[in-house]
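Residue numbers for the sequence shown follow my numbering, beginning at 6 and rising by one.
A short write-up of the structure that comes next.
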Amino acid sequence: MKTLVIGAGNMGLTYAEGMAQSAMLNRRNLMIFDKSADVIARLRDLDHFDVYESLEECLPKADMVFVAVKPYHCDDLFEEMKSMVNKDQIFVSLMAGVTINKIQEGLGVKKVVRSMPNLPAQVGKGVTSYTESKEVSRVELLMVRNLLDTTGESIHVENENYIDASTGISGSGPAYVFYFMNSMLEAALKMGFSKNDSKVLVSQTFEGAVELFNQNDLSPDTWMDRVASKGGTTRAALDSMDDNNVKELIKDAAYAAFDRAVELGEEK
């Protein structure tokens, strides 16, 4: 199965490098395309895949095509690609807000998988939600999932509404975590810790808490109760967050991202 990745930006290159480690593919079966001469030179230095600077040379050869360009480039890209594609190819979109119907109409194809990756894919800890058009078979969808899993884990969802919803949780979610981390770093620095000690305190706290959560079936509420004792320091912090409605504000932020994802799809 020949696989092509179109676009070697952060996400496209992340998936290409992940797939390069997959037992499903080998160097001769993994292709990557980009228009930038500088990017092409860097890709050739990696020697992980066959690198192309012409769609005519690689797109017709592909059985599966990952499209990883900025959403605002999709119209021009689809116009360029349309004459080179065929009905048997499977197109996997990594583009935020671009609907399955938009891809089908833009390329004149039927087999489309729409996905929503996130930034931790760069370190093999990503989560990608995905859904497909009805023309994609179970076997084809399993192949797609195996490739998506090379950057972490994937979650199959029923329809595109959940793709937009996952944008608000996992797609944009790393930024919420970084926002919280940044606030804690600023507090640590204000308390007098060095920059390096502040980073260790905050990063290890997050990593440890996530590991506890993943290794047990306890809810976050239960873990909070285990950390917080009545009248203690943790309870004072949690009470402050409750008094300032932090929980609802975080939910509102996730819905704001969700709503914007829907709007972007409608704009396109």
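From the three backbone atoms N, C-alpha and C, an ideal C-beta is built for every residue, glycine too.
Keep in mind the model is a prediction, meaning the values are calculated, not measured.
Check your understanding: With 16 other CB atoms within 10 Å as the buried threshold, where does F38 fall?
Key -> Here residue 38 refers to the residue found at position 33 of the sequence shown. Buried, by the Cβ-count rule.
Review point. Per DSSP, H161 forms a beta bridge with which residues?
Key: Counting from 1 along the sequence shown, the entry for residue 161 is found at position 156. In the DSSP output, where bridge partners are listed per residue, H161 has Y135.
Practice item. Would you kindly check if the distance between the Cβ of G129 and the Cβ of G102 is under 7 Å? Key: To locate residue 102, count along the sequence shown from 1; it is residue 97. To locate residue 129, count along the sequence shown from 1; it is residue 124. The Cβ atoms of G102 and G129 do not sit closer than 7 Å to each other.
Point to revise | Sub-7 Å separation of R49 and V56 beta-carbons | key: Taking the first residue of the sequence shown as position 1, residue 49 is located at position 44. Taking the first residue of the sequence shown as position 1, residue 56 is located at position 51. In contact: R49 and V56 (Cβ atoms closer than 7 Å).
Check your understanding: Buried or exposed: L147, going by 16 or more other Cβ atoms within 10 Å of its Cβ?
Key -> Position 142 of the sequence shown, counted from the start, is the residue given in the question as residue 147. By the 10 Å Cβ count, L147 comes out exposed.
Exercise for review: Whole angstroms is fine: what's the gap from E140's alpha carbon to A214's?
Suggested key: Mapped onto the sequence shown, residue 140 falls at position 135. Mapped onto the sequence shown, residue 214 falls at position 209. Straight across, the Cα-Cα distance linking E140 with A214 is about 42 Å.
Practice item. Report the partner residues of M69 according to the DSSP bridge assignment. Key: Position 64 of the sequence shown holds residue 69. Note: M69 is bridge-paired with T8, I95 in the DSSP secondary-structure output.
Point to revise | Reduced DSSP category for F54 - H, G, I as helix; E, B as strand; rest coil | key: Numbered from 1 along the sequence shown, position 49 holds the residue referred to as residue 54. Under the three-state reduction of DSSP output, F54 falls in the coil class, being neither helix nor strand.
Point to revise | R240 - containing alpha helix (DSSP H), residue span | key: For the purposes of this step, residue 240 is taken as residue 235 along the sequence shown, with counting starting at 1. In the DSSP annotation of this structure, the continuous segment of the alpha helix (DSSP H) that includes R240 starts and ends at 238–248.
Review point. What is the residue span of the alpha helix (DSSP H) that S208 lies within?
Key: Taking the sequence shown and counting its residues from 1, one reaches residue 208 at position 203. If you look at S208, you'll find it in the alpha helix (DSSP H) that goes 200–219.
Review point. Within this structure, are the beta carbons of G2 and T104 separated by less than 7 Å?
Key: Since the first residue shown for the chain is 6 and the last is 273, residue 2 is missing from the structure and cannot be characterised.
Review point. Does DSSP classify M24 as helix, strand or coil?
Key: Taking the sequence shown and counting its residues from 1, the one referred to as residue 24 is at position 19. In the structure shown, M24 sits in a helix (DSSP, three-state: H, G or I).
Exercise for review: Specify, as a first and last residue, the run of the beta strand (DSSP E) that M36 falls within.
Suggested key: Walking along the sequence shown from the start, residue 36 turns up at place 31. Element bounds for M36: 35–38.
Review point. Should the segment 57–75 be regarded as contacting the segment 6–22, the criterion being three or more beta carbon pairs within less than 8 Å?
Key: By the criterion of at least three beta-carbon pairs nearer than 8 Å, the segment 57–75 is in contact with the segment 6–22.
Check your understanding: By the 10 Å Cβ neighbour count, where 16 or more other Cβ atoms means buried, how is S208 classified, buried or exposed?
Key -> Position 203 of the sequence shown, counted from the first residue, corresponds to residue 208. It counts as exposed.
**Study point:** Neighbourhood of I168 by C-beta distance below 7 Å, restricted to the same chain and skipping five residues each side
**Key:** Position 163 of the sequence shown holds residue 168. Closer than 7 Å at the Cβ level, and outside the excluded window around I168, lie R119, M121, S134, T136, V162.
Practice item. Starting from S120, follow its DSSP beta bridges and name the residues at the other end. Key: By 1-based counting over the sequence shown, the position of residue 120 is 115. Bridge partners of S120: Y135.
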